[in-house]
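For the sequence shown, this note's numbering begins at 74 and goes up steadily by one.
A short worksheet on the structure shown next.
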Amino acid sequence: MTITDELIQFWFGTLNTTAEVDKREVWFKATPEFDASIAYKFTDAYEQAANSKLDYLANDQFGCLTLIILLDQIPRNLFRHSGKAYATDDKALSVARGGLENGYDRNMSSWHKVFFYLPFEHSEKIKDQKFSVQLFKRLEFESAIEAAIDHQKIIKKFGRFPYRNVALGRTSTPEEKEFLKTPPPWGKTKAEFDELVRQKAG
């Protein structure tokens with residue numbers, strides 16, 4: 074099985090690239106078991122992608138999506154709460170931009186497109202955030218559009234994502250510290266998400 078087939082099958086649960094799949098509870102509220110499974114299956118592939126040894130994947134539609142997920146999503150599971158989680162964001166963004174120029178996102182299912190577009194949402198540059206909102210507005214997922222808008226608002230206000238500050242060794246401003254008292258739910262494990270909900274219900 075190729076790395077593209079292996080990752081697409083694992084991530085989406087099917088090789089049917091037009092299937093409308095929805096694994097939000099797995100993707101965005103990860104468990105230690107899910108993170109461990111990713112580490113076992115894809116650590117080597119991530120390292121190869123990070124070192125430009127899998128750049129050839131960008132030459133076709135789903136190879137490109139595979140490379141984006143390896144560079145953008147996989148490190149967030151492998152290196153949670155570490156600066157290394159964001160180390161390949163710029164490369165993922167470059168791959169995604171090239172894929173869009175080639176029209177690779179066309180004829181994909183909505184959730185495949187979500188992961189194609191996420192590198193723009195993860196960028197700390199306002200121009201990428203504006204483009205992210207445009208991209209997500211093409212989809213029918215209200216929650217995805219809202220998330221893109223919320224990410225853009227944070228970058229407009231702070232110029233960066235304050236919840237990355239500790240991992241990246243950045244000093245938070247007083248305004249950022251206040252913001253972090255009620256952090257957004259993105260990028261949290263299921264346990265962290267459940268605890269956030271419990272605190273808000275308080």
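From the three backbone atoms N, C-alpha and C, an ideal C-beta is built for every residue, glycine too.
Extent of the continuous alpha helix (DSSP H) run through residue i
i	result
Trp184	183–194
Lys157	No alpha helix (DSSP H) contains Lys157, which DSSP labels as neither H nor E.
Thr77	76–85
Glu246	Note on residue identity: the sequence assigns Thr, not Glu, to residue 246. Counting along the chain, Thr246 falls outside any alpha helix (DSSP H), and DSSP gives it neither H nor E.
Pro148	147–151
Val206	199–209
Reduced DSSP category for residue i - H, G, I as helix; E, B as strand; rest coil
i	result
Ala122	helix
Gly176	coil
Asn132	helix
Lys250	helix
Val94	coil
Phe214	coil
Thr116	helix
Thr255	coil
Leu127	coil
Leu88	coil
Nearest residue (CA-CA) to residue i, options the options
i	options	result
Ser183	Phe209, Val239, Lys200	Phe209
Lys226	His195, Ala131, Lys157, Asp128	His195
Lys157	Ala169, Ser167, Leu144, Leu166	Leu144
Ala217	Gly172, Lys126, Lys186	Lys186
Ile181	Leu212, Ala160, Thr75, Phe193	With the sequence shown as reference, residue 181 is identified as Met, and Ile is not the correct amino acid for it. Taking only the C-alpha atoms, the option nearest Met181 is Leu212.
Gly171	Ala131, Pro257, His154, Asp78	Ala131
Asp78	Pro192, Gly136, Glu93	Gly136
Tyr159	Val239, Thr75, Pro256, Glu248	Val239
Leu80	Gln146, Arg243, Asn175, Tyr129	Gln146
Pro247	Asp223, Pro235, Pro258	Pro235
Gln121	Ser245, Ser110, Leu140	Leu140
Phe83	Phe101, Phe107, Thr91	Phe107
Arg243	Pro258, Arg233, Phe252	Arg233
Restricting to runs no shorter than 4 residues, where is the alpha helix (DSSP H) found entirely within the stretch 216–241? 238–241
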